[in-house]
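Contents: one structure, followed by commentary.
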Amino acid sequence: MKNADLENRYGAVLNAFRRVYPDPKLALRFENPFQLLVAVILSAQCTDERVNSVTEELFKKVKGPEDIIRMSDEELENLIRPTGYYRQKAKSLKGCCEVLLKNYGGEIPTRMDELVKLPGVGRKTAAMVLGNAFGINEGIAVDTHVRRVAQRVGLSDHDTPEKIEQDLMKHIPRDLWTWFSNATILHGRNVCKARKPNCGECPVKEVCRFFMKSGGV
DNA sequence: CTCCCGATAT
DNA sequence: ATATCAGGAG
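Position 197 (the first sequence) corresponds to 197 in the UniProt record's numbering; numbering is contiguous.
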């Protein structure tokens, strides 16, 4: 009975999202896997719009891993400063590019276990790159939006991104993983917002625990 | 669990 | 003025 409720909730969310977000695209701007990797690393704890404003300049100077390596720490840090954590991110970027050149001929690896070894790359970043640059569904990117939506709606009762991702992967068909993540991020940004969620216009309020608890119809 | 950091909403 | 936003490493 409880399990049936959960399955029903997943089904309703998947259907509603399929209708409202049939083809969700990343807010991040990129033209190739390398650019996406860089952009997603920069997007940690930072809005996509701010990343875009930085990468627009950055990608004029940086076409591949070699360009990052060649660049001085100061120049790289200055270019990415508005995204926050710029020293860490500059270090991650350089570390990534060294590994890319050393082990992958300057290309981006296409497996989760390899991507996750790159400095500054966790499962969220890896899943994002795999799904959106290569169309490979090897995980579900659980960022703060996916986490919040999953918890509020009642798709997972766990707290960590890892456990939430496992719950989601258990209930969502693998070929939908990337789509679901993109759609949910969109939904979290536009409707199920952190500060002031717009439950009135939410397509999944009928099955949403958060909406019920906050006095929903 | 703490540290890394800038920008915007309140 | 200050709370909040938004991932990964050590």
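Beta carbons: idealized from backbone N, C-alpha and C, even for Gly.
Mind checking Met212: buried by the 16 CB within 10 Å criterion, or exposed? For the purposes of this step, residue 212 is identified with residue 212 of the first sequence, where counting begins at 1. Within a 10 Å sphere around the beta-carbon of Met212 sit fewer than 16 other beta-carbons, which makes this residue exposed.
Candidates Asp159, Tyr86, Val146: closest to Trp177 by CA position: If you number the first sequence from 1, residue 177 lands on position 177. Answer by Cα proximity: Val146.
For Lys89, which residues in the same chain have their Cβ closer than 8 Å to its Cβ, ignoring the five residues on either side in sequence? Position 89 of the first sequence, counting from 1, holds the residue named residue 89. Within the same chain, Cβ atoms closer than 8 Å to the Cβ of Lys89 are found at Ile41, Leu42, Ala44, Ile80, Thr83, Gly120, the five residues on either side in sequence being excluded.
Could you tell me whether the Cβ atoms of Ile108 and Leu37 are closer together than 8 Å? Your numbering for residue 108 matches position 108 in the first sequence. Your numbering for residue 37 matches position 37 in the first sequence. One thing to note: Ile108 has its Cβ within 8 Å of the Cβ of Leu37.
Measuring alpha carbon to alpha carbon, tell me which residue in Leu93, Gly105, Asn132, Thr47 is nearest Asn182. Taking the first sequence and counting its residues from 1, the one referred to as residue 182 is at position 182. Closest option to Asn182, Cα to Cα, is Asn132.
Taking just the CA atoms, how far does Asn190 sit from Leu155? One-based indexing of the first sequence puts residue 155 at position 155. One-based indexing of the first sequence puts residue 190 at position 190. Cα-Cα distance, rounded: 19 Å.
Boundaries of the alpha helix (DSSP H) in which Ile172 is found, first to last residue: Counted from its first residue, the first sequence places residue 172 at position 172. First-last for Ile172: undefined, no H or E at that position.
Could you tell me the alpha carbon to alpha carbon distance between Phe59 and Asn52, rounded to whole angstroms? Counted from its first residue, the first sequence places residue 59 at position 59. Counted from its first residue, the first sequence places residue 52 at position 52. Rounded to whole angstroms, Phe59 to Asn52 spans 10 Å at the Cα level.
Residue closest to Gly188, alpha-carbon to alpha-carbon, out of Arg9, Asn15, Glu56, Arg152: Along the first sequence, one-based indexing puts residue 188 at 188. Selection Arg9, Asn15, Glu56, Arg152 evaluated against Gly188 yields Arg152 as nearest (Cα-Cα).
Roughly how many angstroms separate the alpha carbons of Asp23 and Thr55, rounded to a whole number? Numbered from its first residue, the first sequence carries residue 23 at position 23. Numbered from its first residue, the first sequence carries residue 55 at position 55. Distance between the alpha carbons of Asp23 and Thr55 is about 24 Å.
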